[in-house]
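Everything below concerns the one structure shown next.
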Amino acid sequence: MGEALQAALTDRYDVLTGALRDRLLTFVLGAFDGLGDYRDAAAAEFVNQVVPVVLGAQQQMGAVTDAYLSALVSDMTGQSAAPAGVQLPEALRGTPPAQVYERPFVQARTALSRGHDLADAVSQGRNRLLSITETDLQLARTHAAQQSMKRTGAKFFRRRLSGGKNCALCTIASTQRYRVENLMPIHPGCHCKPEPLLTGKDPGQIIDEGLLKQAHDAIARDLGESDRGGRAPDYRQIIITREHGEIGPLLAVRRQNFTGPEDIPAA
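For the sequence shown, this note's numbering assigns the number 273 to the last residue and increments by one with no breaks.
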């Protein structure tokens, strides 16, 4: 069926994953907003209520992603590529989920200790929770996609932008090809999806010259300068990849560093 079927598959996948994300965020944020207080007992109750739902949503994201990519590859190659399932560990970050979902409460308490009023402190905790939940669902997508694409024999993939608005980091990154053995770099709030490039050979680093030029033209229009060679500070300061201690490859700001296990002081 070619491009028409592939576009229909992508649209359906976006609808399904978008609905999954919306349901999960509504549940998680609703549970946080409904707490009577944000002390230790409330935090424990919240974690017990929310973590199983998050883990279930991650498994759903993995299954839907595997089915989508299998159907996409099947149409691209003309060969059967039925989904065989993916294996997603509970701790995709390498950190127990219960510990991760306590962090919004730590955020709120830290804000209170620094003189913020209760409403602002809770708002900071809620924002942290939103970022954590979205990132966890996106991690499920990228890990499932890597497993699914490896199974098909794909060597390279691209970053397919979401149907809505896309940030500069994602737009520039979408013009590049990536190797399947590397997870797709993400960032908080990222909704991009990996898509296999089933070419017989390496397509080269830049796979969409037109979009890359449009992005540079927009940067030049908004900032007054643009440099594809990477020398203009306003632009190239952000389009880099850092290795996050938990999340993995992360689109980030230059000079932004993240801590890992080796940064924890010895007892």
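The beta-carbon is built from N, C-alpha and C at its ideal position, and this holds for glycine as well.
Neighbourhood of residue i by C-beta distance below 6 angstroms, restricted to the same chain and skipping five residues each side
i, result
"valine 57", "Pro103, Ala104, Tyr107"
"threonine 16", "none"
"leucine 135", "Phe38, Pro110"
"glycine 40", "none"
"arginine 147", "Met67, Thr71"
Environment of residue i [buried if 16+ CB atoms lie within 10 Å]
i, result
"alanine 13", "exposed"
"aspartate 142", "buried"
"glutamate 51", "exposed"
"threonine 71", "buried"
"glutamate 9", "exposed"
"glycine 131", "buried"
"alanine 25", "exposed"
"serine 86", "exposed"
"glutamine 144", "buried"
"glutamine 211", "exposed"
"serine 119", "exposed"
"lysine 199", "buried"
"tyrosine 19", "buried"
"arginine 99", "buried"
"alanine 77", "buried"
"tyrosine 241", "Because tyrosine 241 sits at a pLDDT of 40, beneath the cut-off of 50, its placement in the model cannot be relied upon, and the point is left open."
Residue range of the alpha helix (DSSP H) that includes residue i
i, result
"arginine 147", "124 to 158"
"aspartate 17", "9 to 39"
"alanine 87", "Alanine 87 -> no alpha helix (DSSP H), and no H or E assigned at all."
"threonine 181", "Premise fails: threonine 181 is in no alpha helix (DSSP H) and is neither H nor E."
Close Cβ partners of residue i (< 8 angstroms) along its chain, the five nearest in sequence each way excluded
i, result
"alanine 6", "The first residue shown for the chain is 7 and the last is 273, placing residue 6 beyond what the model contains."
"proline 255", "Asn188, Leu189, Met190, Pro191, Ile192, Thr247, Arg248, Glu249"
"isoleucine 270", "Since pLDDT at isoleucine 270 reaches only 36, below the 50 mark, its modelled position is unreliable, and the value read off the structure follows with that caveat. No residues qualify anywhere along the chain."
"leucine 218", "Ile178, Thr181, Ile212, Arg234"
"leucine 30", "Val59, Val60, Ala63, Thr139, Leu143"
Coil, strand or helix - residue i by DSSP
i, result
"threonine 71", "helix"
"leucine 203", "strand"
"glutamate 187", "coil"
"glutamine 105", "helix"
"proline 58", "helix"
"threonine 96", "The sequence given here places glutamate at residue 96; threonine does not occur at that position. Three-state result, glutamate 96: coil."
"glycine 254", "strand"
Enclosing beta strand (DSSP E) for residue i [first to last residue]
i, result
"arginine 120", "First-last for arginine 120: undefined, no H or E at that position."
"arginine 166", "162 to 166"
Contact set for residue i: own chain, Cβ-Cβ below 7 angstroms, skip 5 residues either direction
i, result
"glutamate 96", "Leu61, Pro103"
"tyrosine 74", "Leu15, Tyr19"
"glutamate 252", "Arg99, Gly100, Thr101"
Pairing CB atoms from the segment 113 to 130 with CB atoms from the segment 156 to 166, are three or more of them under 8 angstroms?
no
May I ask you to verify whether the segment 140 to 156 touches the segment 89 to 97, counting CB pairs closer than 8 angstroms and requiring at least 3?
yes
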